[in-house]
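Chemist: Just passing along the structure, written as structure tokens.
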Amino acid sequence: MLHFLESAKPSNQNRMRIVIAIFFSYCAIDSYYSFGESKSYVRDSIEWIAQNTDEDTGLVTNNHALAYFSGRVESYDLTQRNLSEDEILTSEVGDTIAAELNFETQRLLEREGIAEKLKLLASFPNSEKQRILIFQRVE
1 MLHFLESAKP
11 SNQNRMRIVI
21 AIFFSYCAID
31 SYYSFGESKS
41 YVRDSIEWIA
51 QNTDEDTGLV
61 TNNHALAYFS
71 GRVESYDLTQ
81 RNLSEDEILT
91 SEVGDTIAAE
101 LNFETQRLLE
111 REGIAEKLKL
121 LASFPNSEKQ
131 RILIFQRVE
């Protein structure tokens with residue numbers, strides 16, 4: 001009886017090795033083809049800002065990629081996840097404000113005293129599924 005159990009054990013180990021190898025192979029292939037949600041809207045918004053806004057105006061954003069690739073945020077590495085009321089209110093009239101939407105930023109942009117100082121210029125990826133909103137600071 002012991003001989004039977006000992007001979008069955010390596011077979012189970014081989015199955016486990018195969019299952020683990022298949023699992024890790026699947027993970028590797030899946031990560032290569034679809035590693036998270038597409039972020040093409042970030043690239044599109046960077047291009048839009050470059051083509052449709054004046055380089056001499058300031059840019060306020062809460063997105064690191066926008067801050068870096070626009071070339072208009074000197075301390076891009078200090079970009080915070082959420083925009084602050086102070087950042088918006090101290091920006092100059094005509095500045096561009098590019099907001100990647102999250103719960104806190106969405107609430108800030110809807111707040112009285114903030115909303116009337118912003119003119120919506122574009123939304124990415126589109127107006128139905130807004131992930132990044134681009135505004136111009138107005139009076």
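Mapping to my numbering: the sequence shown position 38 is 38, numbers consecutive.
Note that the Cβ used here is the ideal one computed from N, Cα and C, for glycine as well.
1) For Val42, count neighbouring Cβ atoms within 10 angstroms of its own Cβ and tell me buried if that reaches 16, exposed if not.
2) On a Cα-Cα basis, can you pick out the residue from Arg17, Glu55, Ser84 and Leu89 that is closest to Glu100?
3) So what does DSSP say about Leu2, is it helix, strand or coil?
4) Do you know offhand how far Asn102's Cα is from Phe24's?
5) Identify the continuous beta strand (DSSP E) that holds Leu133 and give its terminal residues.
6) Give the single residue among Ile114, Glu110, Gln136 and Gly113 whose Cα lies nearest to the Cα of Ala122.
7) Shortest alpha-carbon distance to Glu87 belongs to which of Ser70, Leu66, Gly71 and Ile114?
8) May I ask you to list the residues that DSSP assigns as paired with Leu118?
Modeler: Quick answer:
1) On the sequence shown, position 42 is the one that residue 42 refers to. Val42 should be labelled buried.
2) As a first step, residue 100 is located in the sequence shown; it is residue number 100 there, counting from the start. The option with the nearest alpha carbon to Glu100 is Ser84.
3) Taking the sequence shown and counting its residues from 1, the one referred to as residue 2 is at position 2. Model confidence at Leu2 stands at a pLDDT of 47, short of 50, so the residue's coordinates are unreliable; what they give is reported in the following sentence. Three-state DSSP puts Leu2 in a helix.
4) In the sequence shown, residue 102 corresponds to position 102, counting from 1. In the sequence shown, residue 24 corresponds to position 24, counting from 1. Near 33 Å, if we compare the C-alpha coordinates of Phe24 and Asn102.
5) Taking the first residue of the sequence shown as position 1, residue 133 is located at position 133. Taken as a continuous stretch (DSSP letters only), the beta strand (DSSP E) holding Leu133 covers Gln130 to Arg137.
6) Locating residue 122 in the sequence shown gives position 122, where the first residue counts as 1. For Ala122, the nearest C-alpha among the options comes from Gln136.
7) Counting from one through the sequence shown, the residue named residue 87 turns up at place 87. The shortest Cα separation from Glu87 among Ser70, Leu66, Gly71 and Ile114 belongs to Ile114.
8) Sequence index remark: in the sequence shown, residue 118 carries index 118 (1-based). Looking at the DSSP assignment, Leu118 forms a beta bridge with Arg137.
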